[in-house]
Amino acid sequence: MEIEVELEALLGQQGAVENKMLSLQRMGPNLQLIEGDAQQLSGMITFTCNLAENVSSKVRQLDLAKSRLYQAIQRADDILDLKFCMDGVQSALKNEEYEQAAAHIHRYLCLDKSVIELSRQGKEGSMIDANLQHLQEAEKQLKVLVGEKFDAATKAGDLPQVERFFKIFPLLGLHEEGISKFSAYLCQQIAKKAEENLNLALGSESSERRATLLFADTLTLLFEGIARIVETHQPILETYYGPGRLYMLIKHLQSECDRQMEKVVDKFIQQRDYQRKFQRVQSCIMRSSSSEKIEPRDLDPILAEVTLMSARTELYLRFIKRRITSDFEVGDSMASEEIKQEHQQNLDKLLKHCLLSRSMQELIGYYITMEEYYMRESVNKAVAMDTCERGQLISSMVDDVFYIVKKCIGRALSSSSIDCLCAMINLSTTMMESDFREVLCNKLRMGFPATTLQDIQRGVTSAVSIVHSSLQQGKFDTKGIESNDEAKMSFLVSLNNVEVCSENIMTLKKNLENDCRKLFSQDFGGDQAKAKIDSCLSDMASVSNKFRDLLQVSPVGPDYSPHVMDR
Numbered sequence: 001m002e003i004e005v006e007l008e009a010l011l012g013q014q015g016a017v018e019n020k021m022l023s024l025q026r027m028g029p030n031l032q033l034i035e036g037d038a039q040q041l042s043g044m045i046t047f048t049c050n051l052a053e054n055v056s057s058k059v060r061q062l063d064l065a066k067s068r069l070y071q072a073i074q075r076a077d078d079i080l081d082l083k084f085c086m087d088g089v090q091s092a093l094k095n096e097e098y099e100q101a102a103a104h105i106h107r108y109l110c111l112d113k114s115v116i117e118l119s120r121q122g123k124e125g126s127m128i129d130a131n132l133q134h135l136q137e138a139e140k141q142l143k144v145l146v147g148e149k150f151d152a153a154t155k156a157g158d159l160p161q162v163e164r165f166f167k168i169f170p171l172l173g174l175h176e177e178g179i180s181k182f183s184a185y186l187c188q189q190i191a192k193k194a195e196e197n198l199n200l201a202l203g204s205e206s207s208e209r210r211a212t213l214l215f216a217d218t219l220t221l222l223f224e225g226i227a228r229i230v231e232t233h234q235p236i237l238e239t240y241y242g243p244g245r246l247y248m249l250i251k252h253l254q255s256e257c258d259r260q261m262e263k264v265v266d267k268f269i270q271q272r273d274y275q276r277k278f279q280r281v282q283s284c285i286m287r288s289s290s291s292e293k294i295e296p297r298d299l300d301p302i303l304a305e306v307t308l309m310s311a312r313t314e315l316y317l318r319f320i321k322r323r324i325t326s327d328f329e330v331g332d333s334m335a336s337e338e339i340k341q342e343h344q345q346n347l348d349k350l351l352k353h354c355l356l357s358r359s360m361q362e363l364i365g366y367y368i369t370m371e372e373y374y375m376r377e378s379v380n381k382a383v384a385m386d387t388c389e390r391g392q393l394i395s396s397m398v399d400d401v402f403y404i405v406k407k408c409i410g411r412a413l414s415s416s417s418i419d420c421l422c423a424m425i426n427l428s429t430t431m432m433e434s435d436f437r438e439v440l441c442n443k444l445r446m447g448f449p450a451t452t453l454q455d456i457q458r459g460v461t462s463a464v465s466i467v468h469s470s471l472q473q474g475k476f477d478t479k480g481i482e483s484n485d486e487a488k489m490s491f492l493v494s495l496n497n498v499e500v501c502s503e504n505i506m507t508l509k510k511n512l513e514n515d516c517r518k519l520f521s522q523d524f525g526g527d528q529a530k531a532k533i534d535s536c537l538s539d540m541a542s543v544s545n546k547f548r549d550l551l552q553v554s555p556v557g558p559d560y561s562p563h564v565m566d567r
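Residue numbers (full-length UniProt numbering): 1 to 567.
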């Protein structure tokens, strides 16, 4: 039965199979046509490939012939140039046309040496050898002449002639020698002018308007002179020597700057007794003897001059860094990353390890110690002379102390030295957190005078009227208080002092943030310097909170603090 079912199913498909067979029979002629077209297309493709191969071989032959023709023309041109250079250099030397002679030598040096070597092996080899010998002799002669002429112009102080021969050195392949000789000439000019300026400073009268800033001004003139030299001669250097060589010139100039700066700083230390004053300050700090202490106001002029010297130095070094960096960027546009890093390391080494930077760091190190002494002694005087004037709800030492702190930090800020500024911010913060806060703590420890808790409550409730009634009686000294009312007045003033101090610290912090933002916008320091400043300023905010905490632990208690703070 199953077999019969399968047979019936197969017989049922007979019609469909026959239809498909008929369709295949009809497609036979079309397939024959397609086969013929495919064979024809294959033949065309084969013909095209053969034709393309023939054409490309002909093109390769033409390219080879063209390159050989160019080589022949180049060889002929080089031989002609060789002869032209030999004749031209001899004529130029005879007429003392050194620029023209150098141009011929430069052309000779740029010739393809392999082509010249091949030419020497030809029929005209002897003539080419003679030309080469003449050119080599002319090259040596011209190098000697240019060096001698440059030295003579330098000795005579003839700037046009100095610049004339300075431009010839690179044509002879003497880039480093040209820059070295030209730098030596410029260094002579720098030394001469610096000596004149220093002599004028030493011979000036002490009554002159800027007598206290003479050495800072002398140093400024030195920096300005070098900056003018760089601005004047950088275009010549870039035009004739190419970009990327300014570092070499400035490196020589910086060596002379270091020598002249050292003379100015030595005279500054000698004339201002800088070293001796520093030693006296150190002695005062160690001994704490009032009889031997140096007056803070005696340090004012010298501290101002040192910060000005530092500011001028930072400005000059920024100028140098900016010029060299831009020159390297152009010269190293196609250089490898290793070359770029090497150039950056050389620049950093020049700026950080030159004698100028090291000398300023030493001066600033002394300055920080003396500025700290100035600040602490001035603050101690302000605390010792603390009084409360009529109509004032804070004593005099608050304004005096913060005036001193702002002055010291502001002076450090004017130095443009990030390390100096951070040091003074930290020292000021430490002084306010320990010494000055302790003064206020001692006053608060005396407490609000009252015999019972009810007296405290009654006294605090009438605090404002007590203050005003006491002030109507005139000036009083907060150090010596005998009456009960005056003791209450002193305590309330002390609370106000604490509150105002906390506010003043935050105001000082905000002002410093704005000043530092301006400083960084002028390309002073980098991310590391910003992080150091931010850390110092965050410490100031912490100290402000510590002053405010005194209000919460005072004997009056936190519930009454708002009343006594109402001014």
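In this text, a Cβ means the ideal position worked out from N, Cα and C, and glycines have one as well.
Unbroken alpha helix (DSSP H) runs of length 4 or more, entirely within the stretch 194–253: which are they?
Complete alpha helix (DSSP H) runs here, min 4: 214–241.
Just to confirm, is the Cβ distance from residue 347 to residue 247 under 8 Å?
Translated into the one-based positions of the sequence shown, residue 347 becomes position 347. Translated into the one-based positions of the sequence shown, residue 247 becomes position 247. Yes. Within cutoff.
Just curious, the alpha helix (DSSP H) that residue 369 is in, first and last residue?
Reading the sequence shown from its first residue, position 369 is the one you call residue 369. 355–384 is the extent of the alpha helix (DSSP H) around residue 369.
What distance in whole Å lies between the Cβ atoms of residue 421 and residue 308, which are believed to be in contact at a cut-off of 8 Å?
Within the sequence shown, numbered from 1, the residue matching residue 308 stands at position 308. Within the sequence shown, numbered from 1, the residue matching residue 421 stands at position 421. Incorrect: roughly 15 Å between the Cβ atoms, too far for contact.
Quick one: grab the DSSP three-state call for residue 416.
Counted from its first residue, the sequence shown places residue 416 at position 416. Three-state result, residue 416: coil.
Hey, how far is the Cα of residue 405 from the Cα of residue 333?
As a working note, residue 405 is residue 405 in the sequence shown. As a working note, residue 333 is residue 333 in the sequence shown. Those two C-alpha atoms are separated by around 49 Å.
How would you write the range of the alpha helix (DSSP H) that residue 537 sits in, first residue to last?
Residue mapping note: residue 537 aligns to position 537 of the sequence shown, counting from 1. Looking at the DSSP string, the run of the alpha helix (DSSP H) that includes residue 537 is 527–552.
Measuring straight from C-alpha to C-alpha, what distance separates residue 392 and residue 385?
Residue mapping note: residue 392 aligns to position 392 of the sequence shown, counting from 1. Residue mapping note: residue 385 aligns to position 385 of the sequence shown, counting from 1. About 16 Å.
If you draw a straight line from the alpha carbon of residue 231 to that of residue 424, how long is it in whole angstroms?
Reading the sequence shown from its first residue, position 231 is the one you call residue 231. Reading the sequence shown from its first residue, position 424 is the one you call residue 424. Rounded to whole angstroms, residue 231 and residue 424 show a C-alpha spacing of 36 Å.
By the 10 Å Cβ neighbour count, where 16 or more other Cβ atoms means buried, how is residue 160 classified, buried or exposed?
To locate residue 160, count along the sequence shown from 1; it is residue 160. Result: exposed.
Determine the DSSP secondary structure at residue 335, reduced to helix, strand or coil.
In the sequence shown, counting from the first residue as 1, residue 335 sits at position 335. When DSSP states are grouped into helix, strand and coil, residue 335 belongs to the coil group.
For residue 168, which three-state DSSP category applies?
Taking the sequence shown and counting its residues from 1, one reaches residue 168 at position 168. Coil at residue 168, not helix or strand.
In three-state DSSP terms, what is residue 294?
Working through the sequence shown from its first residue, we reach residue 294 at position 294. Secondary structure at residue 294: coil, using DSSP grouped into helix, strand and coil.
For residue 520, I'd like the list of residues in its chain whose CB is within less than 7 Å of its CB, leaving aside the five on either flank, ordered along the chain.
Walking along the sequence shown from the start, residue 520 turns up at place 520. Around residue 520: 530.
Give me the residue from 523, 329, 354 and 358 with the minimum Cα distance to residue 344.
As a position in the sequence shown, residue 344 is number 344, starting the count at 1. Ranking 523, 329, 354 and 358 by Cα distance to residue 344 puts 329 first.
Take residue 316 and list the residues in its own chain whose beta-carbon comes closer than 6 Å to its own, dropping the five residues that flank it on each side.
Residue 316 sits at position 316 when you count from the first residue of the sequence shown. Same-chain partners within the cutoff: 223.
Output yes or no for whether 8 Å exceeds the beta carbon distance between residue 569 and residue 357.
Summary: the structure shown does not reach residue 569, with the chain confined to residues 1 through 567, and so no result is reported for it.
Could you tell me the boundaries of the alpha helix (DSSP H) in which residue 11 lies?
One-based indexing of the sequence shown puts residue 11 at position 11. Boundaries of the alpha helix (DSSP H) around residue 11: 2–12.
Apart from the five residues on each side of it in sequence, which residues of its chain come closer than 8 Å, Cβ to Cβ, to residue 577?
Nothing can be reported for residue 577: it is not among the residues displayed for the chain, which extend from 1 to 567.
Name the residue from 536, 84 and 205 whose alpha carbon lies nearest to the alpha carbon of residue 131.
For this step, residue 131 is matched to residue 131 along the sequence shown. When 536, 84 and 205 are compared, the shortest CA-CA separation from residue 131 is found for 84.
Using DSSP with H/G/I as helix, E/B as strand and the rest coil, what is residue 272?
Position 272 of the sequence shown, counting from 1, holds the residue named residue 272. Residue 272 falls in the coil class under three-state DSSP.
Is residue 347 helix, strand or coil when you go by DSSP?
Here residue 347 refers to the residue found at position 347 of the sequence shown. Helix, per DSSP.
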